[in-house]
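Keeping their order, the protein sequence lines are chains A and B.
Residue numbers for the first sequence follow my numbering, so the first one is 963 and each next one is one higher.
Residue numbers for the second sequence follow my numbering, so the first one is 51 and each next one is one higher.
Think of the CB as a built atom: it goes at the ideal place given N, C-alpha and C, for glycine as much as any other residue.
Structure first, commentary second.
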Amino acid sequence: MIRDITIGQYYQTESVLHRLDPRTKLMGTLVFIISMFLADTWIGYALSAVYLAAIIRLSHVPVSFIVRGLKAVMILLLISVGFNLFLTNGEHEIISFWIFHITWEGIRQAFFMAIRLIFLIMGSSLMTLTTTPNQLTDGLETGLGWMKKLHVPVHEISMMMSIALRFIPILVDETDKIMKAQMARGADFESGNLIERAKSLVPILVPLFISSFRRATDLAMAMEARCYHGGENRTRMKPLRYENRDRLAYLVMAFYMAAMIALRSLL
Amino acid sequence: MGIIKAIKLTYDYIKRDEEGNPDGVKRAVDHVDIDIEAGEFVAVLGHNGSGKSTLAKHMNALLLPTEGTIFIGEKDTSDEDNLWDVRKTAGMVFQNPDNQIIGTVVEEDVGFGPENIGVPTEEIWKRVDESLKAVGMTAYRYHSPNKLSGGQKQRVAIAGVMAMRPKCIVLDEPTAMLDPNGRKEVLRTVRELNRKEHITVVLITHYMEEVIEADRVFVMDDGRIVMEGTPQEVFGRTQEMKDYRLDVPQVTELSWELKQDGLPLSDGILTIDQFVDEIMELYNGGNGRGDAGAVEAPGMETAQR
Ligand SMILES: Nc1ncnc2c1ncn2[C@@H]1O[C@H](COP(=O)(O)OP(=O)(O)O)[C@@H](O)[C@H]1O
Ligand SMILES: [Mg+2]
């Protein structure tokens, strides 16, 4: 179950999306997120669906792989759908009991909310699936370079992010191992009330924390041994350069955004 | 002066009580003198807590001596101006392969070191290509390190160090977390770097078999260097090794035991071939002498097992 988390993972394959400049993809993700909050009509959602489908096609990442990432946020999804479904007031009531009212508006709202969340997650995981954390870091660092003038530690933040991303799969594996080890000793993570279950997590979290600190110390030392000393005087193995495909991508984004805005203001 | 030279090198860890106040010191390295020539393959042996890692960290200026001096490439590590030169001269590979790989793609990890020391882009690519080739990992350059075996991860880590063009690599128990195949893989890589690229190697280990091919072995105990010499010399002093709670290779142990029981074998036999040769010589000679063969027979059986 815990291995299903695909958010933040990189899917290695060859595609035009993989080759795009990370800054372009960051901007693309931002544009897509904004567009999802603009959409409020069937046509709007249909347009984003087509747009998203086209990008997924271009990415060469199997759809099943992207969909698997949704499982991890299923609960969040269900809760927000539930809220919208039961607690939206409207004129066209279908069923009503106690404080719950199911209305046509509620169903519509819940449906849109679900689509919006699903699209958001798919859209943003597409970004990490096609961009190595190092590229992502580089993209953030270069793209947000102007913030250094405001004394924002851009390099440090992006380095932190990339290390976090690199260690997610390792820590997930480790959690799995610890859980199994504790289960073999008779630990029970599935039964009991909420408090008991929360308590049963302690024997997982403690060893996980300890080992993470250990890893952090080791990694810091390894980085120091390889002459890491922050972002100063650092060169790039893969410096960022915009290509024609990036210009094209920006153009596509602009048209998509324009269409979404037009749809919202017209309909 | 050799590429690594320590003079009366001493390091104290400060012990702290519960509140974090200093209370006493732990002397982890105690007046160590070493002089390692460029191109040498040196092994450091010692049981847990004997100070091997502490010594290794001095070779990369990750720790600075409490007393004494250590020169790397004739540069004093205590001088802050020498820091980057020292780290460029002596690269370091650690025990846990997962905790020293920074990149999410093999080639990006190998490029991490050169990026840090400001190597121009084109030169980085050249170095990455060469380093990956040197450790035989070119085929995996686009892979994620997470999907590699332990031995492969360590080879990537070695490539990452090689890309900084060091004169010397210090490996702190690089095979401790690997399976036997991974261990062989890593050791073969290290040996090749030593022979072909003339990289000075300092290999810290507690696997005796890995020490056999070293030019020189240091044995550490309680922070001091207690034995020094060729593998044959060091393992030849089997009783002394045992006193330092160290094993010797199986054949060495066997021939030592047989020698204790009166067989005239030489000291510090390191390979099975050498052992068989000596036994055969005794056996053939023994046959000529007559009844001595009865004594050798058990030795023969053990050797063939
Ligand atoms: N960070 C530390 N703080 C205090 N004592 C330490 C620390 N690291 C190691 N030591 C002590 O120093 C001694 C040598 O440790 P180390 O160099 O790691 O040995 P080895 O690598 O041979 O196992 C040990 O007794 C150990 O307990
Ligand atoms: Mg150690």
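- Per the coordinates, the alpha-carbon of B/Glu328 lies some 43 Å from the alpha-carbon of B/Thr60.
- If you check each beta-carbon in the segment 187-209 of chain B against every beta-carbon of chain A, the ones closer than 7 Å belong to Tyr192, Ser194 and Asn196.
- The criterion of a C-beta distance shorter than 9 Å is not satisfied by B/Lys309 and B/Asp297.
- At least 9 Å separates the CB of B/Arg245 from every CB of chain A.
- For B/Leu59, the three-state secondary structure derived from DSSP is strand.
- Contact residues of the segment 1198-1209 of chain A toward chain B are Arg1198, Met1199, Lys1200 and Pro1201 (C-beta to C-beta distance below 8 Å).
- In this structure A/Thr1094 is buried. Its beta-carbon is surrounded by 16 or more other beta-carbon atoms within 10 angstroms.
- By the neighbour-count criterion, in which a residue is buried when 16 or more other Cβ atoms sit within 10 angstroms of its Cβ, A/Tyr1013 is buried.
- Put simply, the CB of B/Phe162 is near chain A, with a gap under 9 Å to one of its CB atoms.
- Here B/Pro230 has no same chain residue with a Cβ atom under 8 Å from its own Cβ, once five neighbours each way along the sequence are excluded.
- Taking 8 Å as the upper bound for CB-CB distance, B/Gly201 and B/Val178 are not in contact here, some 20 Å apart.
- When beta bridges are read from the DSSP output, B/Asp271 appears opposite B/Arg274.
- Using a 10 angstroms sphere on the CB of A/Pro1115, the tally of other CB atoms stays under 16, which defines it as exposed.
- Scanning its chain for C-beta atoms nearer than 7 Å, with the 5 sequence neighbours on each side dropped, one finds around A/Ala1072 the residues Val1043, Asn1046 and Leu1047, in chain order.
- The closest heavy atom of ligand 1 lies 8 Å or more from the beta carbon of A/Ile1083.
- Interface annotation, A/Asp1180: in contact with chain B, CB-CB separation under 9 Å.
- Of all residues in the segment 1079-1109 of chain A, the ones placed with a Cβ closer than 8 Å to any Cβ belonging to chain B are Thr1094, Pro1095 and Asn1096, in chain order.
- The beta carbons of B/Gln289 and A/Asp1180 sit no closer together than 9 Å.
- Here A/Gly1148 is exposed. Its C-beta has fewer than 16 other C-beta atoms within 10 Å.
- For the options A/Gly1068, A/Ser997 and A/Arg1198, the alpha carbon positioned closest to that of A/Met1222 is the one of A/Ser997.
- Short of 6 Å from the beta carbon of B/Gly279, and not among the five residues preceding or following it, lies no beta carbon of its own chain.
- The beta carbon of B/Ile120 lies closer than 6 Å to those of Ala56, Leu59, His108 and Thr127 in the same chain, with the five residues before and after it left out.
- For B/Asp148, the residues of chain A that pass the 8 Å Cβ criterion are Ile1132 and Arg1177, in the order they occur in the chain.
- In the DSSP assignment, the residues bridged to B/Gly279 are B/Val267.
- For A/Arg1030, none of the residues of chain B pass the 8 Å Cβ criterion, the least Cβ distance being about 17 Å.
- Look at B/Asp222: its beta carbon is less than 8 Å from one of the heavy atoms in ligand 2.
- No Cβ of chain B is located within less than 9 Å of the beta carbon of A/Leu1038.
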